[in-house]
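**Q** Have a look at this one before I ask anything.
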Amino acid sequence: MEVTYLEAIHQALEEEMHRDERVFLLGEDIGVYGGAFKVTQGLLETFGPRRVIDTPMCEIAIVGSAIGSAMMGMRPVAEIQFADFMACAFDQIVNVAGTSFYRWRAAVPIVIRAPSGGGVRAGPFHSQNPEAWFCHAPGLRVVVPATAYDAKGLLKSAIRDPNPVIFLENKYLYRRIKEDIPTDDYVVPFGQAAVRRKGSDLSLLAYGAMVHEALAAAEVLEQEGIDAEVLDLRTLVPLDEETVLASARKTGKVVITHEASRTAGFGAELAALIAERAFDYLDGPVLRVTAPDTPVPYSPPLEDFFRPDAAKIAEAARRLAAY
Amino acid sequence: MEVTYLEAIHQALEEEMHRDERVFLLGEDIGVYGGAFKVTQGLLETFGPRRVIDTPMCEIAIVGSAIGSAMMGMRPVAEIQFADFMACAFDQIVNVAGTSFYRWRAAVPIVIRAPSGGGVRAGPFHSQNPEAWFCHAPGLRVVVPATAYDAKGLLKSAIRDPNPVIFLENKYLYRRIKEDIPTDDYVVPFGQAAVRRKGSDLSLLAYGAMVHEALAAAEVLEQEGIDAEVLDLRTLVPLDEETVLASARKTGKVVITHEASRTAGFGAELAALIAERAFDYLDGPVLRVTAPDTPVPYSPPLEDFFRPDAAKIAEAARRLAAY
Amino acid sequence: MTLPNEDLLQIYEYMLLTRAVDDRIDLLFKQGKIEGVSFSSLGHEAIAVGAAWALGPDDVVAPLHRDLGAYLVRGITPRQVLAQFLGRRTALSRGRDGNTHGMGDLNLGILGYVSPLPDQLPLTLGAAMAFWVRQEPRVALAFFGDGSSSEGAAHETLNLASVLKAPAVFICENNQFAYSTPTKKQFAIENLADRAAGYGIPGVVVDGNDVLAVYDVVHKAVERARRGEGPTLIEAKTMRMRGHAAHDDAFYVPQELLAAWREKDPIRRFEAALRQQGLLSDELAEEIASRVAAAVDDATTFAEKSPFPEGREALEGVFCDV
Amino acid sequence: MTLPNEDLLQIYEYMLLTRAVDDRIDLLFKQGKIEGVSFSSLGHEAIAVGAAWALGPDDVVAPLHRDLGAYLVRGITPRQVLAQFLGRRTALSRGRDGNTHGMGDLNLGILGYVSPLPDQLPLTLGAAMAFWVRQEPRVALAFFGDGSSSEGAAHETLNLASVLKAPAVFICENNQFAYSTPTKKQFAIENLADRAAGYGIPGVVVDGNDVLAVYDVVHKAVERARRGEGPTLIEAKTMRMRGHAAHDDAFYVPQELLAAWREKDPIRRFEAALRQQGLLSDELAEEIASRVAAAVDDATTFAEKSPFPEGREALEGVFCDV
Ligand SMILES: Cc1ncc(C[n+]2csc(CCOP(=O)(O)OP(=O)(O)O)c2C)c(N)n1
Ligand SMILES: Cc1ncc(C[n+]2csc(CCOP(=O)(O)OP(=O)(O)O)c2C)c(N)n1
Ligand SMILES: [Mg+2]
Ligand SMILES: [Mg+2]
């Protein structure tokens, strides 16, 4: 069955709610309206108002109460309407969700879903990519699906995982990509990167929407005789270090890309990992193709300049290939 | 005059408040009590209750109102009682303070001071090192003084800077270090790292309390015939890339250290910078000596294990030197 | 409070202008010329214009996404508004921010807002705090929605403002919905103004479709704040007359509710009163209408002719360097 | 509500035990055996014990740093408490967290707290929400301070709880100070309980030094919540009888205020009542006192003999793997 990235997420929620009655949803406008992007459409009708809870605007209470309910045996999936507003619940996420199991063995099996990413002319507060912040907060899993298959399988893993999971959906992909996915239950395990394209000349490391840009770049590069390998990281915490390092060691040249701004983004962690553990194999500098260190601007020419894309990735790859 | 790191900060506040009547302070327990660490002691008496404002517990309103007052021409210095609680005001810091100048040219000359760092048995919520989060939020300056001289000079720069500045004081250093500092007005400019020790075999990059651990490690290493250069970064945003790169290019071997946990910490950014722009000069992998990816544990054996120190830095440096 | 006739006619004109600009925005969105989202102020004209009218020239205001009228009263031009919605370099945010977001101008005493709501509340408190520190007789006024009243920032602000007796006025626009969520799912009370008692400050409910009533309560609150007696919480009841944003058909809003509120249209009501008082003749009405129409046409032309920013401009001005 | 005599004596013993453990903590701190900070529950015994007593076995409680009594009533042992303060492996947090922080045990229905306040409020609402979703007749009770009432988290929680009619009870311990900050600098009202009206829920003020009065109002609130009628906000007035933490001499607290509150000591008052009712003889008092003393001595020995964790244990259990 061919489904969009968005439908895949919807299916994961619906199927998990049928499978496990501990799963419930809470968030702003997720019930009657079906969510700002309609991800949860119809679930209120199917599961009723105690399992699909329309809350007031209160990110602290949404995340905090999700945590408390998880400690009482529930499996809440909280939606934050835009990933940008996770900043409002930051304390709950990093200080409460991230540390409770470590401190007093209280597992926190919650999922916080949020649409992230730009390219849709949504401006500084509906386009952010906050993944690096959460990767730097011990105790959180960070998931960044790039395909419809993964979005469904990773969300199922997230809901079944006994830990707090930050599940960053990429809003650019919601309705732009489609694929056939199995109708049977399946999960995509955490910590296993996918090699989306095998290649020998250099490695392109990406996640979320940038996987598609990296693949597009690889096609262009192929025409030019450069054989790029494309990795989709799928989950940043846990990170599949082995697959990343194996690719870096094989090609010796790495370009990392992400939509988030550059400084202290997750690309830095990848570069550091490689500079430490694949050093002997490197044939060139580790490059990053990222957004610049600015807020996400609104106007199309500004956002296009801001956002990494296949052309920018190809350009860096060319430079590196020639190194 | 020999002053502690803490007294140096106090002096900077007092002198700036005398110099510029737009400067005022707000925060919890900073007036009558003089601050949880007594940094602001006596300032209420000197400047009165409209320039030293004891607020209720409300980090959002503290930071948010500081921003609003700055837009009306004030130079607020907000204290967050512990850096850990900056998470409660995260949205104000990253979304409001960080973006207003970019979006509508409203400069936000605020300083947010907060005691950070561990080693004082203060447990998971009074020991955190959140600098990397703020480095990944465009529009913020991030300052991490390591000495009394710098604490004063950098805080003066921070107060005079027209941008939002995150000023992370290291509470371990508050009363543990002392030095002679000038009595005349001086500032330490942003973006200029200090070479605390010249060396040729390898570079130790540090900031905050870790500068002292790196220097102690360098002494040990010297005994063993390893000549380490020690850099104190002073400000992370702006970062003195040239000094960092010059040192890396000179020694070819770099150990980065910070108290914050490892994954996506600021050390990753440094490693990435070096792996990109000093690649040709590297004679070994870029190593990081950081806290592990756990909350900061309370009990002394746990915290000692957790926290990087001279011994751990020296150990990494030895491995790298032998590479 | 009786306002001079001149003021009444200006208020009327600003309300018309607000609606005309709003209609034009709606049209431009439907024509595909506005990217992303677009918010409407339809139905909020009395609140935005009435409240802004109550401020003195040195006072400061933090309008929100339904307060187009307040921006206009304070001096932001229709040209600037449309340029902003069209993402042009001539806009106050130079294309960096969209629709009314970040449409601030400190020279006009207007604080731009960020999307996370209600972050303009602590910001406004901060402005008031500056006046309080410097002991200046100035006041800061913030708008916020019934929706964002549930956010922690609202509480922290109201509390700190009341403790400091800061010269601030907070006006909550209760338009029955936060996005798709009706007020009864947002709070278990009838009047948000009743929360004022929990802060020891006055709380006032006002008919948000009656521009003079709004002016009146805001004016009183502003003067109270100016006298150093502290903040007031005003709840202006109204109805959001379009969807949450232009993409939203508001299927979840009962038609009867909309119909009932359409009867209370703030402009029609005020116009009727002006006519009854003999202040507005057909001729004058036509003159005003054509001035408004011309302004909107001019603004549209200006905005559409304005250049987009160039890509590289995205890198400029993250930090202030003076 | 009249409690059986047996309960009254147990309540008395728990109050004594609370104070004895607290005194021992103070002593251990002064002896330099407790690293970091240490909070005292002196003066809060009636609130913590009285409130916890009102819960059923399946109910859940989120105590704070002054609620030692609640931990003890719910079954955390003095051994576990002192091991926690001494950072030992035998503590509930195994040395990972300090003093009462993170001293939770889900088997006992106790939620551990984090330092950022009042984060146990949304946590407690979440527990109540779980009961509400599953339609179980269980209740969740949270403590919070006058200080943390000013935080956004308090507002969001009270509001969401009242909208859902979640089976939760919120008890604010107004002990006159938040660290050094007196209540008059924290809020411009007399009674925090009055904020309940802003959420459409009952608000009750109770004498926090009268254990049976506390029991009573909490019991009523718990049963109300259990019946599905929603949350209650209780304000228990008391006084923090030591400094904010052990390092703080509380110079900013007027001596007369402390002296006045010393007269109202919750334990002495309850003891007098028990004696007057003929429930407590000298002999029984002595028997209880010696049992308490023995428990505290035993706990001290246990804690001091308990091993510290080993450094490497710091790495374990960041993630749950079942
Ligand atoms: C912190 C935060 N959470 C969520 C949103 C998404 N959002 C934008 S407007 C809105 C509804 C606002 O309702 P209200 O405050 O009543 O204002 P109205 O649009 O009705 O005028 C929501 C949920 C937001 N902007 N900020
Ligand atoms: C969000 C947050 N800000 C600041 C602090 C620092 N702090 C710890 S306890 C305290 C005072 C708490 O006062 P109150 O809530 O009245 O509780 P009390 O200690 O009086 O029982 C403060 C300011 C904190 N723990 N959390
Ligand atoms: Mg509304
Ligand atoms: Mg208190």
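Protein chains in written order, with this note's numbering: chain A, 3 to 325; chain B, 3 to 325; chain C, -18 to 303; chain D, -18 to 303.
Yeah, the Cβ is synthetic: ideal placement off N, Cα and C, and Gly gets one too.
Note that the structure is a prediction, hence the values are computed from the model and not measured.
Using a Cβ-Cβ distance cut-off of 8 Å, determine whether His46 (chain D) contacts chain B.
**A** For His46 (chain D), the answer is no, since every Cβ of chain B falls outside 8 Å of its Cβ.
**Q** In chain order, what residues of the same chain have a beta carbon less than 6 Å from the beta carbon of Glu252 (chain D), not counting five sequence neighbours either side?
**A** none
**Q** In the DSSP assignment, find the beta strand (DSSP E) that holds Asp56 (chain A) and state where it starts and stops.
**A** That run of the beta strand (DSSP E) goes 54 to 56.
**Q** Is it true that the CB of Asn131 (chain B) sits closer than 8 Å to the CB of Glu261 (chain B)?
**A** With respect to the 8 Å criterion, Glu261 (chain B) and Asn131 (chain B) are classified as neighbours on the basis of their beta carbons.
**Q** If we count the other Cβ atoms within 10 Å of its Cβ and call it buried at 16 or more, is Leu238 (chain C) buried or exposed?
**A** exposed
**Q** Taking 7 Å as the cut-off, does the CB of Gly128 (chain C) come closer than this to any heavy atom belonging to ligand 3?
**A** yes
**Q** Quick check: what's the CA-CA separation for Arg243 (chain D) versus Asp4 (chain D)?
**A** Distance between the alpha carbons of Arg243 (chain D) and Asp4 (chain D): 16 Å.
**Q** Here's a check: name, in chain order, each residue in its chain whose Cβ is nearer than 6 Å to the Cβ of Leu207 (chain B), leaving out the five neighbours to either side.
**A** Leu233, Ile258, Leu272
**Q** With distance defined between alpha-carbon atoms, name the residue in C:Pro290, C:Ile269, C:Leu214, C:Ile248 nearest to Leu106 (chain C).
**A** C:Leu214
**Q** To test your reading of the DSSP string, which unbroken beta strand (DSSP E) runs of 3 or more residues are found completely within the region 207 to 295 of chain D?
**A** 213 to 218
**Q** Checking the sheet assignment: what are the DSSP bridge partners for Asn156 (chain D)?
**A** Looking at the DSSP assignment, Asn156 (chain D) forms no beta bridge with any residue, so it has no partner.
**Q** With H, G and I counted as helix, E and B as strand and the rest as coil, what does DSSP make of Phe192 (chain B)?
**A** coil
**Q** Mapping the DSSP letters down to three states, classify His260 (chain B) as helix, strand or coil.
**A** strand
**Q** At a cut-off of 7 Å, would you count Ala159 (chain D) as near ligand 4, judging by its Cβ distance to the nearest heavy atom?
**A** Ala159 (chain D) Cβ: within cutoff of ligand 4.
**Q** Looking only at DSSP bridge pairs, what is Phe169 (chain B) linked to?
**A** B:Arg115, B:Val145
**Q** Along the chain, where does the alpha helix (DSSP H) containing Val213 (chain A) start, and where does it finish?
**A** Annotation: the continuous alpha helix (DSSP H) that includes Val213 (chain A) extends over 212 to 225.
**Q** List the residues of chain C that Phe26 (chain B) touches, going by C-beta distances under 8 Å, in chain order.
**A** Val114
**Q** So, is the C-beta of Asn172 (chain A) closer than 8 Å to a C-beta in chain D?
**A** Contact of Asn172 (chain A) with chain D is not assigned, every C-beta pair being separated by 8 Å or more.
**Q** Do you know whose CA, among B:Pro126, B:Leu175, B:Ile161, B:Pro78, lies nearest Asp295 (chain B)'s CA?
**A** B:Pro126
**Q** For Ser22 (chain C), count neighbouring C-beta atoms within 10 Å of its own C-beta (all shown protein chains included) and say buried if the count is 16 or more, exposed if not.
**A** Its Cβ being crowded by 16 or more others within 10 Å, Ser22 (chain C) is buried.
**Q** For Asp295 (chain A), which residues in chain C fall below 8 Å Cβ to Cβ?
**A** For a Cβ distance threshold of 8 Å, residue set Val299 of chain C lies close to Asp295 (chain A), ordered along the chain.
**Q** CA-CA distance, Val5 (chain A) and Gly33 (chain A)?
**A** The alpha-carbon atoms of Val5 (chain A) and Gly33 (chain A) are separated by roughly 22 Å.
**Q** Thr269 (chain B) versus chain A: which residues are under 8 Å apart at the beta carbon?
**A** Just to set this straight, residue 269 (chain B) is Gly in the shown sequence, not Thr. Going along chain A in sequence order, the residues near Gly269 (chain B) (Cβ under 8 Å) are Ala274.
**Q** Classify Thr48 (chain A): buried if its beta carbon has 16 or more other beta carbons within 10 angstroms, exposed otherwise.
**A** exposed
**Q** Check whether chain D comes within 8 Å of Asp31 (chain B), counting only Cβ atoms and requiring the distance to be less than that.
**A** At a cut-off of 8 Å, the C-beta of Asp31 (chain B) has a neighbouring C-beta in chain D.
**Q** What do you reckon, is the C-beta of Arg243 (chain C) under 7 Å from a heavy atom of ligand 2?
**A** No; taking the cut-off as 7 Å, the Cβ of Arg243 (chain C) has no heavy atom of ligand 2 nearer than that.
**Q** Which residue comes first and which comes last in the alpha helix (DSSP H) that contains Leu322 (chain A)?
**A** Boundaries of the alpha helix (DSSP H) harbouring Leu322 (chain A): 312 to 323, taken from the DSSP string.
**Q** Going by C-alpha distance, which of C:Asp(-12), C:Glu154, C:Ala280 is nearest Arg221 (chain C)?
**A** C:Glu154
**Q** Answer yes or no: the CB of Leu122 (chain D) versus the heavy atoms of ligand 6, is any distance below 7 Å?
**A** No copy of ligand 6 appears in this structure; the ligands present are ligand 1, ligand 2, ligand 3 and ligand 4.
**Q** To the nearest whole angstrom, what separates the beta carbons of Ala274 (chain D) and Ala64 (chain D), a pair I think is in contact under 8 Å?
**A** So it is not a contact: roughly 19 Å between Cβ atoms.
**Q** Tell me the residue span of the alpha helix (DSSP H) that contains Asp7 (chain D).
**A** -14 to 11
**Q** Give me the residue from A:Thr253, A:Glu305, A:Pro297 with the minimum Cα distance to Leu322 (chain A).
**A** A:Thr253
**Q** Mark Phe103 (chain B) as exposed unless 16 or more other C-beta atoms lie within 10 angstroms of its C-beta, in which case mark it buried.
**A** buried
**Q** Excluding the 5 residues preceding and the 5 following Asp188 (chain C) in the sequence, name in chain order all residues of the same chain whose CB lies nearer than 7 Å to its CB.
**A** Ala194, Lys218
**Q** Could you list the residues in the region 121 to 135 of chain D with a C-beta less than 7 Å from some C-beta on chain G, going in chain order?
**A** The question asks about chain G, but that chain is absent: this structure's protein chains are A, B, C and D.
**Q** Say whether chain C places a C-beta atom closer than 8 Å to the C-beta of Gln167 (chain D).
**A** yes
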